[in-house]
Structures are given as C-alpha cells and as structure tokens.
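2 protein chains.
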Amino acid sequence: MRLLLVEDDARIAADISAVLTGAGYAVETAGDGKEAWFLGDTEDYDLVVLDLGLPGMDGMSLLKRWRANGRHMPVLVLTARGSWAERVEGIDAGADDYLPKPFQFEELLARVRALIRRSVGYGAATIVIGPLTIDTRAMRVSVNGVPQALTPLEYRLVSYLGHHRDRIVPPAELQEHLYGDDFSRDANALEALIARLRKKLGAVSIGTRRGFGYYMGESEP
Amino acid sequence: MRLLLVEDDARIAADISAVLTGAGYAVETAGDGKEAWFLGDTEDYDLVVLDLGLPGMDGMSLLKRWRANGRHMPVLVLTARGSWAERVEGIDAGADDYLPKPFQFEELLARVRALIRRSVGYGAATIVIGPLTIDTRAMRVSVNGVPQALTPLEYRLVSYLGHHRDRIVPPAELQEHLYGDDFSRDANALEALIARLRKKLGAVSIGTRRGFGYYMGESEP
DNA sequence: CAGGCGCTGTCAGCGAATTGTCAGCTTGAT
DNA sequence: ATCAAGCTGACAATTCGCTGACAGCGCCTG
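Order-wise, the sequence lines are chains A and B.
Residue numbering for the first sequence follows our numbering, beginning at 1000 and increasing consecutively.
Residue numbering for the second sequence follows our numbering, beginning at 1000 and increasing consecutively.
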C-alpha cells in the first residue's frame, strides 16, 4: 500500500510518516501544496493523508482540483478546526474521512485501514489466491491455513501483487511501490526479495514472465 | 498507446523517444512543423508531446490548427520559456499540460501517464485484428482466444504493427522502434524475429509486401 | 555499551530463455 | 531465366533472472 502524506510541519510529518511506515505502508511526503498537487495528480496512491492549511496552496482547493481531474483515491483530512461548516465543505470537496487534531496515532491507523479496506476490497479484507490467504487487516499471510512470518517488505510485496492479481506487474512498478522514489537500490534487491518470499510461500505463489514482470494468480499464457 | 513526438532537435528527440519507448509506448517522431501537422491530422494518437519553437511552422499555430480541425487528442507542450503569458496562450490554444525545459524524464513520464489516464480513463486498450487480440495493458496476445507466450521483443513487434494496422510499415521503421539507434544489428535479425512470430501466431497474421514492408490487417493496394 | 539477531542490500556465479548470426533455400519481380 | 528480397532452421552469444553467501544496519536485550 502506497500512501501520500501532505503535511507542511516537518516534525509532525516525520512522526506520522514513522507511524504509517511502521504499520507497513510505503509513505511519501509532500511538504507544500504544489508538490502535493503534482504527486497526487501524476502518481498512484492507495490513500492520501491531507493536512489542511498548507502554504502554497490551500488543502481544500488541492482536494477539489484532484477530484476535478478524476483522481478518486481515498483522502483522509487532518484538521485542527473541526467546525461543522468545514466538514461539510470538505465532504463536498471529496474528502472520505475527517480526523480532528490532536489525535491518537491508533485512531489514525484505524481510519487509514478502514478507508483502504473500503476502497480496494469491496468489503473483503482478505484476498485468497489458491492456497494463499492474505489478511489485509491483520497484515498476515497464510498458506494452506498455516500462518507465515513475513517481514514488512515481503508483506508489502505479496500485498501489492495480491491486489493486482492476474496481472503482470513490471519490476519497475514494484520497485516504485516498494521503495518510492529511492533509486539507489540495485535491481537485484527486488529479485532477492522475491526469492526469499517464494521460499516462504512455496514455489507456486509468484510467477515470472521473463522480460515483462511478476504476477500472482492466473496469468499463464 | 501511440504517441507522437514533435521535436526538431534530433538528439533530444532520440532521447525522449527512447524514454517513452522504454515505458511501453509506441512512439513516432516528427522533426518539423509540416510533418507534425500532417501526422497529427491524419493519424490517431493517444497523446502528442509538442515542443514549441519549431522550424517550418510555429508549434502554437500547429496546435490551434489541429483543434480547429477537430483533433482532440491530449497535447503536452514542452517549452523553454515558461512565461505566464505563454502558458495562458497555450491553454487557450488547447494544450492540456505544460512542462518547462529542462525537465527530468521521470517528470515527463509522470505527466504523460497522467494525461493518458485522464483522457482514456484506463479503458481496456485491446486491439482486435481478425482472430488476433492484443491486450496492451496486460501485454498479452491471444489467437482465437488462446493466449500465446510471446517474448518481449515479439510482443513489441505485434504491438507496433497492431497500432499501425492496415498500414505497410517499412522494415527501417520497425528496426528503429525495436532497437532504437542501435545500428549494430544485422538486417536479418528482424526477419528472423518475424519468422518466429509467424510461427506462433499462425501464418495469416503478418503480411509482407515485398520491397515495402510488413503489415497486419487489410492492405490491398 | 556490547553482543546478538533479524532484515535487507550487494555480490558473484549459474542456468536458461531470448535474440543475433550465418548459410542455404524459396519466392516473386523483371 | 536471373537475381535480389525475404524466409527458415541451426547454432552461438548475450541477457535476464535465480540463488546462496555475506555484510551492513538498526533494534532489542542483557
């Protein structure tokens, strides 16, 4: 799961980012409205956490412009001023949920989970592919009912492939979702990761189409 | 996805073309305004990348004339002079997005993706030619509903011919698309590739017009 | 603070799929 | 009939992806 965090206060951004990263999400941060606009308009995120009252561009108009451009990702709005009028305006603008500051990180996580579940699984919090089961709520994976201990990166990988089942995912896309914009990684890092994952899940789980990418589920020609 | 790149500087054109091709688009290049006008007016592109300041015909009037002729494909304008007045004029003329030079290729790709997504809305981009179906999103090809295992190069070849159906494509153009500027390859490499592809797809699929080139679909003189 | 441990990136080597090359053959045009 | 363009099968070279080992890093524990 790939998240965009829009927050101008660097200190707060770092805290929230740490919490979300710790929960297994790939988090990218935008510090001002312009950057947020560009990222949200051009990249694919599974969810946006948006703080109102940004420098550069008002958070509310940012949201409106995304929606006007047909961007439908769920947006969780953080606001210090939880007035009723603002809530209405925000929902009009296309916000999916509100969280008044200050808040507990627990609650942030719960709402993030709820929004993602609502948008990706049509209510279903588990993905089943053959003998493999991915519980996106508990972030656990089991094979033939036997729970597997996956590392955070491994989980993000199965999760992404699971959400895009029956589709060939190019390595570049996986890199982007796993590592964000960080281009420092060797291409081999991904291959090593996949090798470890296959060892844990059993060879049947992740398929390769040489020259194209990886997939889970039915995609064999 | 089929793109037209209008750029007079051959060196820059080659670079951009390579990047876009690498991202999976079928790219054609026009080096001057007249050629661009002709191609943009007669062929169907999913997006045009237009550099202003061309010889032969001003990019801005080119754009205006396309729009006047009812061509609605998205246009991404590249400009060295990102002045406010010019932006306004460009948007008036029908540009969908601006990218000031110099730019990172990453950013170009992101904007191209965004424009295409906005215009087609992730529509199922499948090309059907007789018994042959090309799913450009899943990068899969099937004959009479039976999926075929194609190698990356083979796929790029059918994809290109599919995008240019009913048109004779000269071997040189195919070479350029498949291999870029890399002239090291023997001319026979392409013929060998086509032979392998025909074997997989059935002989009916790719036609030869001796002395002119290859084609898919109908091509009676 | 030292030591241990789990996670992940890097490296090097291997095997296999993909693709280029070659030589000879077929086909179509003049 | 002749010749060049194009086709094809075999083979070689190259590239791609996989794997096991190792090392650096951060985190936890004692």
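Glycine included, each C-beta is placed from N, C-alpha and C at the ideal position.
Query raised in the report: Just to confirm, are Lys1154 of chain A and Gly1021 of chain A a CB contact at a threshold of 7 Å?
Result: Strictly speaking, residue 1154 of chain A in this sequence is Tyr, with Lys absent from that position. No. Outside cutoff.
Report task. To the nearest angstrom, report how far apart Gly1206 of chain A and Ala1148 of chain A are at their CA atoms. Result -> 21 Å
Query - Exposure label - Gly1161 of chain B; buried when at least 16 CB within 10 Å - result: buried
Query - Simplified DSSP assignment, three categories, for Glu1153 of chain A - result: helix
Query raised in the report: Would you report the Cα separation of Ala1123 of chain B and Leu1131 of chain B, rounded to the nearest angstrom?
Result: With a pLDDT of only 41 at Ala1123 of chain B, under 50, the local geometry of the prediction cannot be trusted, and no value is derived from it.
**Report entry** Rounded Cβ spacing between Met1000 of chain A and Ile1128 of chain A (contact assumed at less than 8 Å)
**Finding:** So it is not a contact: roughly 17 Å between Cβ atoms.
Query raised in the report: Within 7 Å (strictly less), CB to CB, does Pro1054 of chain B reach chain A?
Result: no
**Report entry** CA-to-CA distance, Pro1169 of chain A to Phe1104 of chain B, given in whole angstroms
**Finding:** 18 Å
Report task. Compare the C-beta of Tyr1121 of chain A with all C-beta atoms of chain B and state if any pair is closer than 7 Å. Result -> Any reading at Tyr1121 of chain A needs caution, since the residue's pLDDT is 38, under 50, leaving its predicted position unreliable; the model's value is listed next. No, because no Cβ of chain B sits closer than 7 Å to the Cβ of Tyr1121 of chain A.
**Report entry** Cβ-based neighbour list, Leu1061 of chain B, same chain, cut-off 8 Å, excluding 5 preceding and 5 following
**Finding:** Val1005, Gly1032, Ala1035, Trp1036, Gly1039, Leu1049 and Leu1053
**Report entry** Paired residues, beta bridge with Pro1146 of chain B - DSSP
**Finding:** B:Ser1141
Query raised in the report: Buried or exposed: which applies to Val949 of chain B, given that a residue is buried once 16 or more other Cβ atoms fall within 10 Å of its Cβ?
Result: This structure does not reach residue 949 of chain B, given that chain B is present from 1000 up to 1220, and the question cannot be answered.
**Report entry** Backbone CA spacing between Trp1065 of chain B and Asn1068 of chain A [nearest angstrom]
**Finding:** 23 Å
Query raised in the report: Using a Cβ-Cβ distance under 7 Å, would Thr1041 of chain A count as near chain B?
Result: yes
Query raised in the report: For Pro1073 of chain A versus Leu1114 of chain A, is the C-beta distance shorter than 7 Å?
Result: yes
Query raised in the report: Under a Cβ-count criterion, where at least 16 other Cβ atoms within 10 Å of its own Cβ denotes burial, should Leu1051 of chain A be classed as buried or exposed?
Result: buried
Query raised in the report: Taking any Cβ of chain B, which residues in the region 1004-1037 of chain A have a Cβ under 9 Å from it, in chain order?
Result: Phe1037
Query raised in the report: So what does DSSP say about Tyr1044 of chain A, is it helix, strand or coil?
Result: coil
Query raised in the report: What is the C-beta distance between Thr1125 of chain A and Ser1158 of chain A, in whole angstroms, given that I count them as a contact (C-beta under 8 Å)?
Result: Not quite, the Cβ-Cβ distance comes to about 11 Å (not below 8 Å), so this is no contact.
Report task. Rank B:Pro1099, B:Glu1217 and B:Arg1139 by C-alpha distance to the C-alpha of His1163 of chain B and give the top, closest one. Result -> B:Glu1217
Query raised in the report: At a Cβ cut of 7 Å, what residues of the region 1154-1184 of chain A count as close to chain B, listed as they run along the chain?
Result: Arg1166 and Ile1167
Query raised in the report: Is Val1026 of chain A closer than 7 Å to Leu1046 of chain A when the C-beta atoms are compared?
Result: no
Requested in this report: Using a cut-off of 7 Å between C-beta atoms, extract the partners of Pro1151 of chain B located in chain A.
Outcome: Gly1210 and Phe1211
**Report entry** Cβ shell of Met1056 of chain A (< 8 Å), same chain only, five flanking positions each side left out
**Finding:** Asp1031, Gly1032, Lys1033, Ala1035 and Trp1036
Query - Three-state secondary structure assigned by DSSP to Asp1057 of chain B - result: coil
**Report entry** Rounded C-alpha distance that separates Gly1058 of chain A from Thr1078 of chain A
**Finding:** 10 Å
Report task. Compare the C-beta of Ala1109 of chain B with all C-beta atoms of chain A and state if any pair is closer than 7 Å. Result -> yes
Query raised in the report: Are Arg1112 of chain B and Asp1096 of chain B close, meaning C-beta to C-beta below 7 Å?
Result: no
Query raised in the report: So which of B:Glu1042, B:Ala1012 and B:Asp1014 has the shortest CA-CA distance to Arg1166 of chain B?
Result: B:Glu1042
Query raised in the report: By a C-beta neighbour count over all protein chains shown, 10 Å radius and 16 as the cutoff for buried, is Gly1222 of chain A buried or exposed?
Result: Since the first residue shown for chain A is 1000 and the last is 1220, residue 1222 of chain A is missing from the structure and cannot be characterised.
Report task. For Arg1070 of chain A, collect the residues of the same chain with a Cβ closer than 7 Å to its Cβ; drop the 5 residues on either side in sequence, then sort them by chain order. Result -> Gly1039 and Asp1040
Query raised in the report: Going along chain A, which residues have a C-beta under 7 Å from Arg1001 of chain B?
Result: Those do not exist, as Arg1001 of chain B stays about 19 Å from chain A at its closest Cβ, beyond 7 Å.
Query raised in the report: For Asp1134 of chain A, which residues does DSSP report across the bridge?
Result: A:Thr1125 and A:Arg1139
Requested in this report: Starting from the beta carbon of Arg1112 of chain B, find every residue of chain A whose beta carbon is closer than 8 Å, and list them in chain order.
Outcome: Thr1041
Report task. Could you check the C-alpha separation between Gly1120 of chain A and Leu1156 of chain A for me, to the nearest Å? Result -> Reliability of the predicted coordinates at Gly1120 of chain A is poor, the pLDDT of 46 falling under 50, and the value obtained from them is presented with this limitation in mind. Looking at the two C-alpha atoms, the distance is approximately 17 Å.
Query raised in the report: Contact check, Arg1197 of chain A vs Ser1204 of chain A under 8 Å by CB: the rounded distance?
Result: 6 Å
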